[in-house]
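Visitor: From first to last, the protein sequence lines stand for chains A and B. Oh and the first sequence: position 5 is 5 in my numbering, straight run, nothing missing. Oh and the second sequence: position 25 is 247 in my numbering, straight run, nothing missing. Every residue gets a Cβ at the ideal spot worked out from N, C-alpha and C, and that includes glycine. None of these values were measured; they are calculated from a predicted model.
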Amino acid sequence: MSSVDTSNYQQLIKQGLWSENPGMVKLLGLCPLLAVSNTLINGISLGLATLLTLVVSNTIVSCAQGMLPQAVRIPMYVLIIATTVTVIELVTQAWLPDLYISLGIFLPLIVTNCLILGRAEAFAARNPVRHAAIDGVAMGLGFLLVLVALGGAREIIGQGSLLTDSAHLFGSMANDWHLRFFSEQHGMLLALLPPGAFIGLGLIVALKNKIDTMLVTTNESS
Amino acid sequence: MKSNELKQGLILGSVATISIAIIVMTYLGTRDAIRTTEQRELEAKLIELFEPQSYTNQPSRDTIELTDSALGSQTPKIIYRARNQGVPSGAVVSATAPDGYNGNIDLLIGLNMDGDIVGVRVTNHMETPGLGDDIDLSRSDWIRAFDGLSLRTTQAYDWKVKKDGGQFDQFTGATITPRAVVNAVYRVASWYQIEKDNIFAN
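1. Is the distance from the Cβ of S57(A) to the Cβ of I13(A) below 8 Å?
2. Excluding the five sequence neighbours on either side, which residues of its own chain have a C-beta within less than 8 Å of the C-beta of A378(B), listed in chain order?
3. Between which two residues does the alpha helix (DSSP H) containing T50(A) stretch?
4. Output the boundary residues of the alpha helix (DSSP H) element that contains S241(B).
5. Taking only the alpha-carbon atoms, compute the straight-line gap between A270(B) and T258(B) and give it to the nearest angstrom.
6. What is the rounded straight-line gap between the Cα of S3(A) and the Cα of P195(A)?
7. Quick check: P32(A) and L48(A), are their CB atoms within less than 8 Å of each other?
8. Given a threshold of 16 other Cβ atoms within 10 Å of its Cβ, counted over all protein chains shown, does W381(B) qualify as buried or as exposed?
9. Just to confirm the assignment, what range does the alpha helix (DSSP H) spanning D321(B) have?
10. Give the C-beta separation of Y77(A) and V87(A) to the nearest angstrom, bearing in mind that I take them to be a contact with Cβ-Cβ under 8 Å.
11. Contact check, A113(A) vs T50(A) under 8 Å by CB: the rounded distance?
12. Could you tell me which whole alpha helix (DSSP H) segments of length 4 or greater appear in the stretch 94-164 of chain A?
13. Give a yes or no on whether the minimum CB-CB distance between G337(B) and chain A is below 8 Å.
14. Check R409(B) in the structure and name its three-state DSSP category.
15. Report back the beta-carbon spacing between I242(B) and A94(A) to the nearest angstrom; my notes put them in contact at under 8 Å.
16. Under DSSP, the beta strand (DSSP E) around T285(B) begins and ends at which residues?
17. Judging by CA-CA distance, which residue of K210(A), Q70(A), I44(A), G151(A) is the nearest neighbour of F198(A)?
18. Under DSSP, the alpha helix (DSSP H) around T345(B) begins and ends at which residues?
19. Name, in chain order, the residues that DSSP records as bridge partners for F393(B).
20. Which residues share a DSSP beta bridge with K299(B)?
21. Bridge partners of V383(B), per DSSP?
22. Taking Cβ positions only, does T297(B) come closer than 8 Å to chain D?
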């Protein structure tokens, strides 16, 4: 998995955003990815929270490498991740209450996102701190990207709008950001329901694979 | 071997202790802010469910907890009491509609001393987005249909969705949700008529 030259930051970013993208390639953390991507703002919010958790947990795990006994490392990762998430949850509840209401039960669910545990085990535990942090940013951004694409698509198709409830994330200055393309009644409800999430993600993965194939063929023919 | 396992256990234990310490510190640091926000949100919600200028006390602090099947839950439910110069002037009853499409729908129901409904708000629900969640004021005005309704001027058969012969709109593709809310509000309003004196008896 980490057979790549880890000293190369560009490589790390490319991996996170594209070639090993957690949402499109590794298919990690599908539960929150599918459950919370019903609107663009929900997607962005969960993506940011996951990104933050991933960077913090990767950094801590990387700092602690060598100190954690091999046999009990997984419970320790879980402890570290759970602590990080709890702190983020409390801070959100205290100072971003609107966001807390809309993310609700999904914030604690970040604990169970195997993407975070996966990166701790596969990357952070055996790489220098700086690389682990960059990997956290890259993987987190990759996850955020898929959430944004899926959330945006589902919101447009399902309810004909974009950026509803942006005030939950950006405060009252975002009250007017709401865009409406067509009346909500004409939305395709399927997109908002769980099957729509699976279909949407499937289409995104297919599109990614298509682009990869095209890139390969252009490279070969040139 | 034994000492190795002991060492692992100790390390695991100390990491757990450090984690707990961090969480405790965060909890203590955020507790007041969380409490203040919750209190403010509660007050903002309650203010719409009492008749304007009808009270002089702070209903969010004048509460009583009651358990009654009419409130839709086995656990005690909070009732916020409004008083004007000490004289009872209205109450906001928290209740649950246990028969929503996806489980419990939590409600706040404001009533004046005549038992008329001042307003109803949904505080928590798991209804289907785009179908059942129109009970939420942020999604539609449906919940305002309860404003000003009175048991004195309506009959039991009015308290149904139109599909069942009553006066409340159902939603396209979602009848169970509004039906659950209408039932719960009617149940609480009827209960309140009988229990009103007990609620304010202190």
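Guide: Taking the coordinates as given:
1. Within the first sequence, the letter at position 57 stands for residue 57(A). Within the first sequence, the letter at position 13 stands for residue 13(A). Not a contact, by the Cβ cut-off of 8 Å.
2. Here residue 378(B) refers to the residue found at position 156 when the second sequence is read from its first residue. The beta carbon of A378(B) is closer than 8 Å to those of Y408 in its chain, skipping five residues each way along the sequence.
3. Sequence index remark: in the first sequence, residue 50(A) carries index 50 (1-based). Looking at the DSSP string, the run of the alpha helix (DSSP H) that includes T50(A) is 40-63.
4. One-based indexing of the second sequence puts residue 241(B) at position 19. Its alpha helix (DSSP H) spans residues 224-269.
5. As a working note, residue 270(B) is residue 48 in the second sequence. As a working note, residue 258(B) is residue 36 in the second sequence. At residue 270(B) the sequence reads Glu, which differs from the Ala that was named. Approximately 19 Å between the Cα atoms of the pair.
6. To locate residue 3(A), count along the first sequence from 1; it is residue 3. To locate residue 195(A), count along the first sequence from 1; it is residue 195. Low local confidence applies: a pLDDT of 46 at S3(A) is under 50, so the model's placement there is unreliable, with the coordinate-based value given in what follows. Rounded to the nearest angstrom, the two C-alpha atoms are 35 Å apart.
7. Position 32 of the first sequence, counted from the first residue, corresponds to residue 32(A). Position 48 of the first sequence, counted from the first residue, corresponds to residue 48(A). The answer is no: Cβ separation not under 8 Å.
8. Counting from one through the second sequence, the residue named residue 381(B) turns up at place 159. Classification of W381(B): buried, given that the 10 Å Cβ count is 16 or more.
9. One-based indexing of the second sequence puts residue 321(B) at position 99. The continuous stretches of alpha helix (DSSP H) do not include D321(B), which lies in the beta strand (DSSP E) extending over residues 309-322.
10. Translated into the one-based positions of the first sequence, residue 77(A) becomes position 77. Translated into the one-based positions of the first sequence, residue 87(A) becomes position 87. Rounded, the Cβ-Cβ distance is 16 Å, inconsistent with contact.
11. In the first sequence, the residue the question calls residue 113(A) occupies position 113. In the first sequence, the residue the question calls residue 50(A) occupies position 50. A small fix is needed here, since residue 113(A) is Asn in this sequence, not Ala. Sure, about 6 Å apart at Cβ, within 8 Å.
12. Listed in chain order, the alpha helix (DSSP H) runs fully inside the stretch 94-164 of chain A are 97-103, 106-109, 114-122, 129-159, counting runs of at least 4 residues.
13. To locate residue 337(B), count along the second sequence from 1; it is residue 115. G337(B) does not count as touching chain A.
14. Position 187 of the second sequence, counted from the first residue, corresponds to residue 409(B). Collapsing the DSSP output to three states places R409(B) in a helix.
15. Taking the first residue of the second sequence as position 1, residue 242(B) is located at position 20. Taking the first residue of the first sequence as position 1, residue 94(A) is located at position 94. Rounded to the nearest angstrom, the Cβ distance from I242(B) to A94(A) is 19 Å, too far for a contact under 8 Å.
16. As a position in the second sequence, residue 285(B) is number 63, starting the count at 1. From DSSP, the beta strand (DSSP E) with T285(B) extends over 285-288.
17. Residue numbering aside, residue 198(A) sits at position 198 when the first sequence is read from its first letter. In this structure, G151(A) is the residue among K210(A), Q70(A), I44(A), G151(A) with its C-alpha nearest to the C-alpha of F198(A).
18. Position 123 of the second sequence, counted from the start, is the residue given in the question as residue 345(B). According to the DSSP assignment, T345(B) belongs to no alpha helix (DSSP H) but to the beta strand (DSSP E) extending over 339-346.
19. In the second sequence, counting from the first residue as 1, residue 393(B) sits at position 171. Answer by DSSP bridge pairing, in chain order: A396(B).
20. In the second sequence, the residue the question calls residue 299(B) occupies position 77. Looking at the DSSP output, K299(B) bridges to L288(B).
21. Here residue 383(B) refers to the residue found at position 161 when the second sequence is read from its first residue. Its beta-bridge partners are F390(B).
22. Included in the structure are the protein chains A and B, with no chain D among them.
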